[in-house]
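**Student:**
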Amino acid sequence: MKLGVLQIIDGLSYLHNSAKILHGNLTPASIFVTTSRLWKIAGFSFAVAAKEPDCYPCYPWTKKLPPILQPDLDFLAPEYLAPNQQTVTSAADVFSLGVLICWIYAGGKRLIDAKNNLETHAIITGQLNEALNCISEELGSNLRESLGKVLSLDVEIKHFDDPALSALRQLDDISQVFDPSQKSHFLGQTLVSALGVIPENIWFSRVLPRFNEQLFDSHELFPALAKPLFFMLDHCESHNIHKLRTWMRKILDHTTQKARADSVEKMRRRFENLQHIYFRSHLTNEQ
Numbered sequence: 001m002k003l004g005v006l007q008i009i010d011g012l013s014y015l016h017n018s019a020k021i022l023h024g025n026l027t028p029a030s031i032f033v034t035t036s037r038l039w040k041i042a043g044f045s046f047a048v049a050a051k052e053p054d055c056y057p058c059y060p061w062t063k064k065l066p067p068i069l070q071p072d073l074d075f076l077a078p079e080y081l082a083p084n085q086q087t088v089t090s091a092a093d094v095f096s097l098g099v100l101i102c103w104i105y106a107g108g109k110r111l112i113d114a115k116n117n118l119e120t121h122a123i124i125t126g127q128l129n130e131a132l133n134c135i136s137e138e139l140g141s142n143l144r145e146s147l148g149k150v151l152s153l154d155v156e157i158k159h160f161d162d163p164a165l166s167a168l169r170q171l172d173d174i175s176q177v178f179d180p181s182q183k184s185h186f187l188g189q190t191l192v193s194a195l196g197v198i199p200e201n202i203w204f205s206r207v208l209p210r211f212n213e214q215l216f217d218s219h220e221l222f223p224a225l226a227k228p229l230f231f232m233l234d235h236c237e238s239h240n241i242h243k244l245r246t247w248m249r250k251i252l253d254h255t256t257q258k259a260r261a262d263s264v265e266k267m268r269r270r271f272e273n274l275q276h277i278y279f280r281s282h283l284t285n286e287q
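Under full-length UniProt numbering, read the sequence shown as residues 1 to 287, first letter to last.
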C-alpha cells in the first residue's frame with residue numbers, strides 16, 4: 001500500500017507544481033491501478049487550472065445540484081464550503097489526499113460519512129482528531145501524526161511530511177544542486193536513511209534510474225554514492241542484485257584507479273623528498 005500511496009502523492013505533486021492543476025475530486029474512484037501495479041490519478045471532471053500561483057477557482061458544493069454532478073462531499077476540503085469562498089489552494093487537494101489515505105488504510109471505511117449533508121460534514125470535520133484516533137491502529141503512529149497535519153482545518157499547515165517522498169524529490173532535483181558537498185551529504189546520509197522506508201520496487205524504478213541519468217559520470221560523488229548502492233545491495237531481494245552490477249563495477253573500478261593514482265602520487269612525493277635530501281646532503285659535503 002505504501003508504494004501506491006507514494007505514487008499518488010508523487011502524481012499529485014506533479015499536478016500542482018508542474019501542470020498547475022487542482023484535481024478537485026481525489027477519491028477512490030479517481031485512482032486506477034495499471035497492469036504493472038502502478039497507481040495513477042484519473043477522473044479530472046472537476047479539475048481546474050490555476051488563476052495565479054497556487055490559486056484555483058472554487059465552485060462550492062450545493063444542495064441545489066444532484067450529488068452525482070458534484071465532487072464527493074466526503075472527500076472535499078472544508079474550505080470549499082466556507083461562505084463566499086471563491087478560490088482555494090493546493091491544500092484542498094492535500095486534505096482530500098489525507099481522507100483518501102485513511103480510506104485505503106482503514107480497508108474502505110470512510111473517515112467522513114456525511115451522506116451528502118453539509119451540516120453533518122461540518123460536524124465531522126470539526127472532530128477529525130477523534131475520527132483519526134478510531135483508526136490509529138491501522139495507520140501506525142508515524143502516519144497518524146502526518147495525517148493530523150494533512151487534515152488540519154488550518155489551510156496554512158496542511159502538508160504531507162514523508163521522509164521517503166522528501167528524499168525522492170530531492171533526488172529528482174539533485175542536478176540543480178551545484179555544491180558537491182551538499183550532494184555528497186544528501187547521497188551519503190539523507191538518502192541512505194530514507195531507503196529503509198522506501199519500498200524496494202521504487203529503489204529500482206525511481207532511485208537507480210536517477211543515478212543513471214544524473215550521476216553516472218560524477219566520479220567525485222562515487223564515495224558518497226557507494227553508501228546507498230551498498231545499502232540496496234545488502235537489503236534487496238536476490239533477484240534484484242543483477243540490477244546493481246553496472247554500478248558496482250563502476251564504483252570498484254573507480255576505487256581501484258584512485259588507489260593506483262594515490263600510490264603513484266605518493267611515490268612521486270617520496271622521490272622528490274629523496275632528491276631534496278640528496279641535494280641537501282651533497283651541498284653539506286661540499287661545504
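The beta carbon of each residue, even a glycine, is placed where N, CA and C say it ideally should be.
Every value quoted in this text rests on a predicted model; they were computed, and no experiment measured them.
Starting from the Cα of Leu-187, find the closest Cα among Asn-201, Glu-200 and Arg-169 and give me that residue.
**Tutor:** Arg-169
**Student:** From what residue to what residue does the alpha helix (DSSP H) around Trp-39 run?
**Tutor:** Unbroken run through Trp-39 is the beta strand (DSSP E), 39-41; no alpha helix (DSSP H).
**Student:** Identify, in the order they occur along the chain, each residue of the same chain with its Cβ nearer than 8 Å to the Cβ of Trp-61, setting aside the five sequence neighbours on each side.
**Tutor:** Gln-70, Pro-71, Leu-73, Leu-76, Tyr-80, Leu-81 and Leu-118
**Student:** Throw me the rounded Cβ distance for the Leu-208 and Lys-243 pair, which I believe falls under 8 Å.
**Tutor:** 7 Å between Cβ atoms; contact.
**Student:** Measure from the alpha carbon of Gly-11 to the alpha carbon of each residue in Gly-148, Thr-35, Ala-114 and Leu-97, then state which is nearest.
**Tutor:** Leu-97
**Student:** Could you give the distance in angstroms between the alpha-carbon of Ala-47 and the alpha-carbon of Leu-26?
**Tutor:** Going by the C-alpha atoms only, they are around 10 Å apart.
**Student:** By DSSP's criteria, Phe-204 is part of a beta bridge. Which residues make up the other side?
**Tutor:** Phe-204 is not bridged to any residue.
**Student:** For His-235, does the count of other Cβ atoms within 10 angstroms reach 16, so buried, or fall short, so exposed?
**Tutor:** exposed
**Student:** How many whole angstroms separate the CB atoms of Cys-102 and Leu-147, which I take to be in contact at a CB cut-off of 8 Å?
**Tutor:** Confirmed, Cβ separation roughly 7 Å.
**Student:** What first and last residue would you give for the beta strand (DSSP E) that runs through Val-33?
**Tutor:** For Val-33, the enclosing beta strand (DSSP E) starts and ends at 31-33.
**Student:** Identify the continuous alpha helix (DSSP H) that holds Gln-170 and give its terminal residues.
**Tutor:** 163-172
**Student:** If you count every other CB in all the chains shown that lies within 10 Å of the CB of Val-88, and 16 or more means buried, which is it?
**Tutor:** buried
**Student:** Is Thr-35 buried or exposed, if buried means 16 or more other CB atoms sit within 10 Å of its CB?
**Tutor:** exposed
**Student:** Let me check understanding here. Comparing Cα to Cα, which of Asp-113, Lys-40 and Arg-144 lies closest to Asn-129?
**Tutor:** Checking every option, the nearest Cα to that of Asn-129 belongs to Arg-144.
**Student:** I'd like the ranges of any alpha helix (DSSP H) spanning at least 4 consecutive residues and lying wholly in the segment 172-251.
**Tutor:** Taking only runs of at least 4 residues, the alpha helix (DSSP H) segments lying wholly in the segment 172-251 are 180-185, 191-195, 208-214 and 222-235.
**Student:** Let me know if Ala-29 comes out buried or exposed under the rule of 16 or more other beta-carbons within 10 Å of its beta-carbon.
**Tutor:** exposed
**Student:** Would you mind stating whether residue 341 and Ile-123 have Cβ atoms separated by less than 8 Å?
**Tutor:** No information on residue 341 is available, as it lies outside the stretch 1 to 287 that the chain covers here.
**Student:** Output needed for residue 294: all residues of its chain with C-beta closer than 7 Å, excluding positions within five of it in sequence on either side, in chain order.
**Tutor:** Missing from the structure shown is residue 294; the chain here goes from 1 to 287 and no further.
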